[in-house]
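Chemist:
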Amino acid sequence: MTGRTRAMTTLAVAAAVISWLVFPAYPQSIQNRKSGGPSNPPPAETHSPVDEKAYKAALDRIPVPNEKYDPWGIARPAEPRKSAKKSN
72 MTGRTRAMTT
82 LAVAAAVISW
92 LVFPAYPQSI
102 QNRKSGGPSN
112 PPPAETHSPV
122 DEKAYKAALD
132 RIPVPNEKYD
142 PWGIARPAEP
152 RKSAKKSN
């Protein structure tokens, strides 16, 4: 009988500790419900066609690079130059 009592006590203490850890999350959700909190999404912004035209024009002005971008170029050592002629 002692083993069962000890197991029940351990279970009750574990449940109490878990409930104490979870309890602080509840006041935030209760407060949000009372004030109408984040349930209302922000109004969507509308973009005028003038902004879209200016954006596309700015993209067209970006120059095209001559060389392909290598994001790992700094991390790798430089490749040795390849010679056109083989030396004997």
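If you read the sequence shown in the numbering used here, its first letter stands for residue 72, the second for the next number, and so on.
Quick reminder that beta carbons are idealized off the backbone N, C-alpha and C, glycines included.
Could you tell me the alpha carbon to alpha carbon distance between Tyr-140 and Trp-91, rounded to whole angstroms?
Modeler: Approximately 54 Å, taken between the alpha carbons.
Chemist: How far does the alpha helix (DSSP H) with Lys-127 in it extend, from its first residue to its last?
Modeler: Here the alpha helix (DSSP H) through Lys-127 covers 120-131.
Chemist: Work out the CA separation of Glu-138 and Ile-145 for me, nearest whole Å.
Modeler: So the alpha carbons of these two residues sit roughly 15 Å apart.
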